[in-house]
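Protein chains in written order, with this note's numbering: chain A, 14 to 133; chain B, 14 to 133. A virtual CB, placed ideally from N, CA and C, is assigned to each residue, including glycine. Following: one structure in structure tokens, then a few remarks.
There are 2 protein chains.
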Amino acid sequence: MKDLIPLTERKRGDRCCDALVSPLTTAAAEAVSADLAILAHPIRLQILAMLGTSAEPVCVCDLEAELPVKQPTVSHHLRLLREAGLIDYDKHGLWAYYYVRREALAALRTRLAAQLTALG
Amino acid sequence: MKDLIPLTERKRGDRCCDALVSPLTTAAAEAVSADLAILAHPIRLQILAMLGTSAEPVCVCDLEAELPVKQPTVSHHLRLLREAGLIDYDKHGLWAYYYVRREALAALRTRLAAQLTALG
DNA sequence: CTATTCTATTGGCAATCATCAATCTAACCT
DNA sequence: AGGTTAGATTGATGATTGCCAATAGAATAG
Numbered sequence: 014m015k016d017l018i019p020l021t022e023r024k025r026g027d028r029c030c031d032a033l034v035s036p037l038t039t040a041a042a043e044a045v046s047a048d049l050a051i052l053a054h055p056i057r058l059q060i061l062a063m064l065g066t067s068a069e070p071v072c073v074c075d076l077e078a079e080l081p082v083k084q085p086t087v088s089h090h091l092r093l094l095r096e097a098g099l100i101d102y103d104k105h106g107l108w109a110y111y112y113v114r115r116e117a118l119a120a121l122r123t124r125l126a127a128q129l130t131a132l133g
Numbered sequence: 014m015k016d017l018i019p020l021t022e023r024k025r026g027d028r029c030c031d032a033l034v035s036p037l038t039t040a041a042a043e044a045v046s047a048d049l050a051i052l053a054h055p056i057r058l059q060i061l062a063m064l065g066t067s068a069e070p071v072c073v074c075d076l077e078a079e080l081p082v083k084q085p086t087v088s089h090h091l092r093l094l095r096e097a098g099l100i101d102y103d104k105h106g107l108w109a110y111y112y113v114r115r116e117a118l119a120a121l122r123t124r125l126a127a128q129l130t131a132l133g
């Protein structure tokens with residue numbers, strides 16, 4: 014059903030690409046990949062962990078002090094996480110207090126769990 | 014307890030980075046990131062989906078026929094997945110039949126689920 | 001042996017990504 | 001106003017990644 018020719022009995026030149034169809038379209042794969050990619054960076058994971066385990070919003074300078082990169086890099090990753098909808102912030106005077114958008118993070122987790130289960 | 018100075022009452026120049034500690038070490042974050050990164054590519058996801066949903070091992074030419082990239086690129090991603098321990102293959106004559114190492118994929122999924130839950 | 005086929009590898013190019021110094025902006029204080 | 005500070009943005013640089021043409025290797029067929 015998957016193959017016209019039994020796997021181990023092909024002869025040279027027999028075509029073998031008749032029936033297999035990818036269960037994941039290119040577009041779907043790109044969507045899953047984007048979900049994974051936003052998480053697939055150690056600095057972003059550390060930021061999410063710090064924000065996620067803090068009861069209160071966290072000042073950028075607190076993040077900066079704990080991370081092994083300089084301020085513009087922290088700011089860069091915060092922006093990516095913000096653009097992905099996973100975090101947001103309030104401004105108080107000079108300080109920016111970031112927090113996790115927990116429902117967005119939960120939705121991402123749920124989506125990923127489903128998508129990874131669908132891999133087989 | 015997290016902050017010596019209440020968040021919204023800081024004065025200019027007050028230090029604010031005393032008590033917050035990252036719940037994820039740099040090394041741990043890099044490990045999680047590596048787990049995510051191997052999955053964070055549409056071609057690799059499509060390969061895993063095809064292998065994962067096939068009862069039998071799948072010939073490289075079958076993969077190649079379904080994927081929007083050329084043969085060396087397929088071979089490249091197969092190598093990365095192999096080096097990550099997620100897939101393996103048997104050689105039968107000229108053909109290579111790849112399959113998912115299901116216990117390795119399951120372990121990865123379990124690890125990721127735990128790690129993502131730990132984010133908050 | 002020679003020719004052919006399937007897959008892996010090499011090497012090079014283009015695009016993307018990560019980082020930081022320098023600069024900018026907005027808010028604060030005197 | 002003038003000086004200072006937190007954080008964002010810009011722009012440049014180096015590292016990494018993804019892709020493919022060409023080539024290499026291994027197995028098969030004649």
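Would you verify that the beta carbon of residue i is, or is not, closer than 8 Å to some beta carbon of chain B?
i              : result
R115 (chain A) : yes
P81 (chain A)  : yes
D101 (chain A) : no
D133 (chain A) : A small fix is needed here, since residue 133 (chain A) is Gly in this sequence, not Asp. It does: the Cβ of G133 (chain A) has a partner Cβ on chain B nearer than 8 Å.
A126 (chain A) : yes
Under 8 Å, Cβ to Cβ, is there at least one residue of chain A near residue i?
i              : result
L129 (chain B) : yes
Q84 (chain B)  : no
T123 (chain B) : no
V71 (chain B)  : yes
V87 (chain B)  : no
G65 (chain B)  : yes
E43 (chain B)  : yes
H54 (chain B)  : yes
A50 (chain B)  : yes
L17 (chain B)  : Because L17 (chain B) carries a pLDDT of 38, less than 50, the predicted location of this residue cannot be relied on, and no value is offered for it.
L61 (chain B)  : yes
L118 (chain B) : yes
L93 (chain B)  : no
Tell me the rounded alpha-carbon separation between residue i and residue j.
i              : j              : result
D48 (chain B)  : L76 (chain B)  : 23 Å
R122 (chain B) : G106 (chain A) : 43 Å
L91 (chain B)  : L64 (chain B)  : 11 Å
Y111 (chain B) : A117 (chain A) : 36 Å
L132 (chain A) : T66 (chain B)  : 7 Å
L33 (chain A)  : P36 (chain B)  : 45 Å
L125 (chain A) : P55 (chain B)  : 14 Å
T38 (chain B)  : V82 (chain A)  : 14 Å
A120 (chain A) : E96 (chain B)  : 31 Å
T130 (chain A) : E43 (chain B)  : 23 Å
H89 (chain B)  : H89 (chain A)  : 31 Å
Residues in its own chain within less than 7 Å of residue i by CB, not counting five upstream and five downstream?
i              : result
R114 (chain A) : G98, L99, I100, D101
Q84 (chain A)  : E77
V87 (chain A)  : V73, L76, E77, L80
V45 (chain A)  : Q128
Output needed for residue i: all residues of its chain with C-beta closer than 8 Å, excluding positions within five of it in sequence on either side, in chain order.
i             : result
L94 (chain A) : I51, R57, I60, L61, I100
Kindly indicate the opening and closing residues of the alpha helix (DSSP H) around residue i.
i             : result
H89 (chain A) : 84-96
A73 (chain B) : In the sequence on display, residue 73 (chain B) carries Val and not Ala. Run containing V73 (chain B): 73-79, per the alpha helix (DSSP H) assignment.
Going by alpha carbons, who is nearest to residue i out of the options?
i              : options                      : result
A109 (chain A) : A:E69, A:V34, A:P55          : A:E69
V71 (chain B)  : B:E43, B:D103, B:E96, B:A42  : B:D103
A41 (chain A)  : B:T130, B:A119, B:A53, B:E96 : B:A53
Name the two residues that bound the continuous beta strand (DSSP E) containing residue i.
i              : result
A109 (chain A) : 108-113
H54 (chain A)  : Segment: none, H54 (chain A) is in no beta strand (DSSP E) and carries neither H nor E.
Given the structure, does residue i come close to the ligand NAD, in the sense that its CB is under 7 Å from one of the ligand's heavy atoms?
i              : result
E116 (chain B) : Looking at this structure, you won't find the ligand NAD or any other ligand, since it has none at all.
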